[in-house]
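K.L.:
Going by the numbering used here, 89 is the number at position 89 of the sequence shown; the sequence numbering is gapless.
Ideal placement from N, C-alpha and C gives every residue a C-beta, glycine not left out.
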Amino acid sequence: MLNATLKPHREYLLANQPGQKLFLALTLKPDAEAAGSRPNLSVVFVVDTSGSMREVVTKPSEVTDQRVRVDGQDYTVVKGAKNKMDLVVESLRAIIGSDLLKPEDRLALVKFDDNAETLVPFTSASERAKLLAAAERLTHYSGGTMMGLGMEKGAKLLEGETGSKRMVLLSDGATFDEAIVHQQVRALAGARVPVSVVGVGEFEYELLLETANDTQGKLF
């Protein structure tokens, strides 16, 4: 509930004097219940699952002699280290399990590499098991990077939502379809959907910063 207070700039007017002005200050103050509430959220997570997300970004405890080839690139197998995708999955676990989410909030998960795919359409934030299982599956994918297609897929999901709409983009920003990214940024800005961008490891700073700034989002 909002408490409204009207305060005049003067306590009285002169009698029989036409044309006098009286200014009123209107103050609206939420009560404790309203101040502690927020609108329901509709958040789509758009996650980069391309081959570059396999890059190790923390110090390994052991380097082996084994090699693995992913998308034409050779990688040394290490133990005790985390790659970019490991960090993304850890972040999603923390967000999905957060007490800050309400059952009325709705979450969706989209992955992109050579193409974009909806892993979880919008569902209640209380469906934690479904969301966590999809987050764990992110490590099964690989390929090129079509970030614009991922953003387009996420934006399409948001169209049918009635909550406060948000997109969270998790990527290193190295994409093949930069023109589509710019197109989606303009569309999201026009729809007033802020994009919070999480740059993972070493990332394409300028593109991700532009994506966040132009949609009134933030870069982390």
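Does the segment 83-92 come close enough to the segment 62-74 that 3 or more CB-CB pairs lie under 8 Å?
P.N.:
As far as the Cβ criterion goes, the segment 62-74 does not touch the segment 83-92, which means the pair count is below three.
K.L.:
Closest by CA to Q183, which one among L138, G148, A108, N213?
P.N.:
The candidate whose alpha carbon is nearest that of Q183 is G148.
K.L.:
For V193 versus M167, is the C-beta distance shorter than 8 Å?
P.N.:
A contact, by the Cβ cut-off of 8 Å.
K.L.:
Kindly give me the distance between the Cβ atoms of K82 and V46, rounded to whole angstroms, as I take these residues to be in contact under 8 Å.
P.N.:
The Cβ separation is near 21 Å, so there is no contact.
K.L.:
Distance check for V63 and R186, CA to CA, integer angstroms please.
P.N.:
The alpha-carbon atoms of R186 and V63 are separated by roughly 44 Å.
K.L.:
From this set, R106, A25, D114, L132, which residue's C-alpha is nearest T123's C-alpha?
P.N.:
Ranking R106, A25, D114, L132 by Cα distance to T123 puts R106 first.
K.L.:
I'd like the span of the beta strand (DSSP E) that includes G199, first residue to last.
P.N.:
Start and end: 195-199.
K.L.:
Tell me the rounded alpha-carbon separation between L109 and D65.
P.N.:
If you take the alpha carbons of L109 and D65, they lie about 36 Å apart.
K.L.:
L138 and K111 - do their beta-carbons sit closer together than 8 Å?
P.N.:
Going by C-beta atoms, K111 is nearer than 8 Å to L138.
K.L.:
Cutting at 6 Å between CB atoms, please list the residues of its own chain near M53, excluding the five before and the five after it.
P.N.:
So the qualifying residues of the chain are K84, M85.
K.L.:
Do G163 and S42 have their CB atoms nearer than 8 Å?
P.N.:
Yes. Within cutoff.
K.L.:
Return the CA-CA distance between G154 and G19, expressed in angstroms with no decimal places.
P.N.:
Straight-line Cα distance between these residues: approximately 58 Å.
K.L.:
With H, G and I counted as helix, E and B as strand and the rest as coil, what does DSSP make of S91?
P.N.:
Of the three classes helix, strand and coil, the one that applies to S91 here is helix, per DSSP.
K.L.:
Should F203 be labelled buried (16 or more other beta-carbon atoms within 10 Å of its own) or exposed?
P.N.:
When all chains shown are included, F203 counts as buried.
K.L.:
Can you give the beta carbon distance from G80 to G143, rounded, assuming they're within the 8 Å contact cut?
P.N.:
Incorrect: roughly 26 Å between the Cβ atoms, too far for contact.
K.L.:
Check each candidate in G190, D177, V181 and name the one with the smallest Cα separation from K165.
P.N.:
Comparing Cα positions, the closest option is G190.
K.L.:
Answer yes or no: does any C-beta atom of chain C fall closer than 8 Å to that of R137?
P.N.:
Absence of chain C from the displayed structure is noted, only one protein chain being present.
K.L.:
Relative to the C-alpha of P60, which residue among V78, T49, A212, I95 is closest?
P.N.:
P60 has its Cα closest to that of V78, out of V78, T49, A212, I95.
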